[in-house]
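A.B. asks: For reference, each letter of the sequence shown is one residue, going 74 to 424 in this note's numbering. Every residue, glycine too, gets a C-beta built ideally from N, C-alpha and C.
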Amino acid sequence: MTEDEIAYDNVQKKKKIDRQMRKAVISVSVGSIVYALGVVWLLQLGGFVSGGVTGISQLIVGLIKKFGGSVAVEEYLGLLIGLLNVPLLVVGWRGVSKHFAVLTVISIVLQTLLITILTHFTVSPFIYFLHSTSSTDGTVSKGLIDIFTDNTFNIIKNTETTALQLEFKQEITAGVRLMLAIIGGLVTGVGSALCLMGGGSTGGLDIISNYLVMKKRKPFTKFQFAMDFVIIISSSLISIESVLYTIVRLIIYMKVLQALYQTYQTLRIEIITEKALEIKEELLKTFYHSMTIYDAVGGFSNRNKKVIEVYAMNFEIPDYINIINRIDPKAFVVITKVKTIRGNYVQRTVI
Numbered sequence: 074m075t076e077d078e079i080a081y082d083n084v085q086k087k088k089k090i091d092r093q094m095r096k097a098v099i100s101v102s103v104g105s106i107v108y109a110l111g112v113v114w115l116l117q118l119g120g121f122v123s124g125g126v127t128g129i130s131q132l133i134v135g136l137i138k139k140f141g142g143s144v145a146v147e148e149y150l151g152l153l154i155g156l157l158n159v160p161l162l163v164v165g166w167r168g169v170s171k172h173f174a175v176l177t178v179i180s181i182v183l184q185t186l187l188i189t190i191l192t193h194f195t196v197s198p199f200i201y202f203l204h205s206t207s208s209t210d211g212t213v214s215k216g217l218i219d220i221f222t223d224n225t226f227n228i229i230k231n232t233e234t235t236a237l238q239l240e241f242k243q244e245i246t247a248g249v250r251l252m253l254a255i256i257g258g259l260v261t262g263v264g265s266a267l268c269l270m271g272g273g274s275t276g277g278l279d280i281i282s283n284y285l286v287m288k289k290r291k292p293f294t295k296f297q298f299a300m301d302f303v304i305i306i307s308s309s310l311i312s313i314e315s316v317l318y319t320i321v322r323l324i325i326y327m328k329v330l331q332a333l334y335q336t337y338q339t340l341r342i343e344i345i346t347e348k349a350l351e352i353k354e355e356l357l358k359t360f361y362h363s364m365t366i367y368d369a370v371g372g373f374s375n376r377n378k379k380v381i382e383v384y385a386m387n388f389e390i391p392d393y394i395n396i397i398n399r400i401d402p403k404a405f406v407v408i409t410k411v412k413t414i415r416g417n418y419v420q421r422t423v424i
């Protein structure tokens, strides 16, 4: 390559990284907002413990209240989450990547600010959505039209709305708590998955989980589930009844993560082509992974071909497909999931 071509190639790579970083920041920011809303407006409303550092923080706050502390301690939940995340960020910086640590800091800062603001200045809108009213025929729930047309909907915290939220918590039924657990698990799962898909995390134990994925190739949800389960069982010190609903929340949360977060899943790509040399050179120039190449014969055409077998991360697949299609649009490509991989395999982060 000439100097001009090298310079152009470097510029294009920088533009690609900048574009990826912008997308990552947007994904992490949106995910953090969704996660914070789920924690304050759903999990705290239902009296459930979240996972990871957020759950540990909720447990600390709950124990302080249990032993005579002020109810106002809840308003410092966001600050406590931020403080507990500080030492774990060092692990993310050194053990995963600098980009991962930066994106995680963005998430933690957003969560800390949002959770603090939401707990200080708002009440959960779900006190209106899940509130039931009495009628001559029994108890009926309001519809969205009723909620927004009777001029009572207000999420700004004041004396009246605070009293309404307290009344909701005192009169909450088993069915409503179960619904809050399901919706809370769904919302926080989506928020966490968006952060992870962007190349960051919501902080806390997600940092350790990502470290284990990158360095030890351990399943992300395995460690996460084990630690969250310990936190949930510990929450029985505050309320045994809440543990049952929180387990439901945890199962929904993990199912959502498993469905959405497959960024670092290892996949096997099998490419059957007559242009193996060109594809090989381009793949080696672009990616960190090597490959295995062997001979094959087309069953219908009887023509000699090559099979390229390579293992890659899920987030790399679109780039692999683009390169293959550009060089040989007629190549036959098969992509399959890989359960376990051992040996000298280089694994990198999204950005």
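Could you compute how far the alpha carbon of ARG415 sits from the alpha carbon of ALA254?
C.D. replies: Taking the straight line joining both Cα atoms gives about 38 Å.
A.B. asks: With which residues is GLU343 paired in a DSSP beta bridge?
C.D. replies: Note: GLU343 sits in a beta bridge opposite GLU382, VAL407.
A.B. asks: Quick one: what does DSSP say TYR367 is sitting in, helix, strand or coil?
C.D. replies: In this structure, TYR367 counts as strand in the three-state DSSP scheme.
A.B. asks: Could you pull the DSSP bridge partners for ASN395 from this structure?
C.D. replies: Paired residue(s): none; ASN395 is not in a bridge.
A.B. asks: Let me know if ALA174 comes out buried or exposed under the rule of 16 or more other beta-carbons within 10 Å of its beta-carbon.
C.D. replies: Burial call: buried.
A.B. asks: Please return the same chain residues whose Cβ sits closer than 8 Å to the Cβ of LEU118, not counting the five positions on each side in sequence.
C.D. replies: Contacts found: SER197, PHE199, ILE200, GLN238, PHE241, LYS242, LEU253.
A.B. asks: With ILE324 as the anchor, note down where its alpha helix (DSSP H) starts and where it stops.
C.D. replies: Its alpha helix (DSSP H) spans residues 313 to 333.
A.B. asks: Closer than 8 Å is the cut-off here; do at least three beta carbon pairs connect the stretch 163 to 173 with the stretch 338 to 355?
C.D. replies: The stretch 163 to 173 vs the stretch 338 to 355: no contact.
A.B. asks: For my contact list, TYR326 and GLY141 are in at a C-beta cut-off of 8 Å; report their separation, rounded to the angstrom.
C.D. replies: That pair is no contact at about 32 Å.
A.B. asks: Answer with buried or exposed for GLN85, where buried requires no fewer than 16 other C-beta atoms within 10 angstroms of its C-beta.
C.D. replies: With fewer than 16 other Cβ atoms within 10 Å, it is exposed.
A.B. asks: Using CA atoms only, rank isn't needed, just tell me which of ILE280, TYR393, ILE181, GLN297 is closest to ALA404.
C.D. replies: If we check each option's Cα against that of ALA404, TYR393 comes out closest.
A.B. asks: Taking only runs of the alpha helix (DSSP H) that begin and end inside the stretch 149 to 187, which ones reach a length of at least 4 residues, in chain order?
C.D. replies: As far as the stretch 149 to 187 is concerned, its whole alpha helix (DSSP H) runs of at least 4 residues are 150 to 168.
A.B. asks: With ASP279 as the anchor, note down where its alpha helix (DSSP H) starts and where it stops.
C.D. replies: 278 to 284 is the span of the alpha helix (DSSP H), which, as asked, contains ASP279.
A.B. asks: So, for ASP301: in the same chain, excluding its five sequence neighbours on each side, which residues have a beta-carbon less than 6 Å away from its beta-carbon?
C.D. replies: Closer than 6 Å at Cβ, skipping near neighbours: GLY124, LEU323.
A.B. asks: To which residues of the same chain is THR195 closer than 6 Å at the C-beta, ignoring the five residues directly before and after it?
C.D. replies: Counting only Cβ-Cβ distances below 6 Å, and skipping sequence neighbours, we find ILE228, LYS230.
A.B. asks: Let's see if you can read the secondary structure: which residues bound the alpha helix (DSSP H) around ARG250?
C.D. replies: Residues 247 to 270.
A.B. asks: So the candidates are GLY276, ILE281, SER307, PRO391; which of them puts its Cα closest to the Cα of LEU183?
C.D. replies: Closest by alpha carbon: GLY276.
A.B. asks: Quick one: give me the first and last residue of the alpha helix (DSSP H) that TYR361 is part of.
C.D. replies: It is not in any alpha helix (DSSP H) - TYR361 carries neither H nor E in the DSSP assignment.
A.B. asks: Could you give the C-beta distance for GLY273 and SER130, rounded to a whole number, given that I count them as a contact under 8 Å?
C.D. replies: So it is not a contact: roughly 19 Å between Cβ atoms.
A.B. asks: Have a look at the DSSP bridge pairing and note the partners of ASN377.
C.D. replies: DSSP lists VAL370 as partners of ASN377.
A.B. asks: Going by Cα to Cα distance, which pick from ALA80, LEU116, THR234 is closest to VAL260?
C.D. replies: Among ALA80, LEU116, THR234, the Cα nearest to that of VAL260 is on LEU116.
A.B. asks: Would you call GLU147 buried or exposed, if buried means 16 or more other Cβ atoms sit within 10 Å of its Cβ?
C.D. replies: It is buried - the Cβ of GLU147 has at least 16 other Cβ atoms within 10 Å.
A.B. asks: May I have the straight-line CA-CA distance separating VAL370 from VAL380, to the nearest angstrom?
C.D. replies: Cα to Cα, the separation comes out at about 10 Å.
A.B. asks: Determine the burial state of GLY372: buried for a count of at least 16 other Cβ atoms within 10 Å of its Cβ, exposed for fewer.
C.D. replies: Exposed, because fewer than 16 other Cβ atoms sit within 10 Å of the Cβ of GLY372.
A.B. asks: Rounded to whole angstroms, what's the CA-CA distance from GLY151 to ALA266? Just pull it up for me.
C.D. replies: The alpha-carbon atoms of GLY151 and ALA266 are separated by roughly 20 Å.
A.B. asks: If we count the other Cβ atoms within 10 Å of its Cβ and call it buried at 16 or more, is TYR367 buried or exposed?
C.D. replies: It counts as exposed.
A.B. asks: Once DSSP output is grouped into helix, strand and coil, what is the label at THR195?
C.D. replies: DSSP places THR195 in strand when its eight states are reduced to three.
A.B. asks: List the whole-angstrom C-beta distance separating VAL113 from LEU191, where the pair is believed to meet the contact cut-off of C-beta under 8 Å.
C.D. replies: Right, their Cβ atoms sit about 4 Å apart.
A.B. asks: Can you give me the Cβ contacts of ILE408 inside the same chain, cut-off strictly under 8 Å, excluding the 5 residues immediately before and after it?
C.D. replies: Closer than 8 Å at Cβ, skipping near neighbours: LEU340, ARG341, ILE342, GLU343, ILE390.
A.B. asks: For SER105, count neighbouring C-beta atoms within 10 Å of its own C-beta (all shown protein chains included) and say buried if the count is 16 or more, exposed if not.
C.D. replies: Burial call: buried.
A.B. asks: Is the beta carbon of ILE306 sitting closer than 7 Å to the one on GLY128?
C.D. replies: Not a contact, by the Cβ cut-off of 7 Å.
A.B. asks: What is the residue span of the alpha helix (DSSP H) that THR235 lies within?
C.D. replies: Run containing THR235: 232 to 244, per the alpha helix (DSSP H) assignment.
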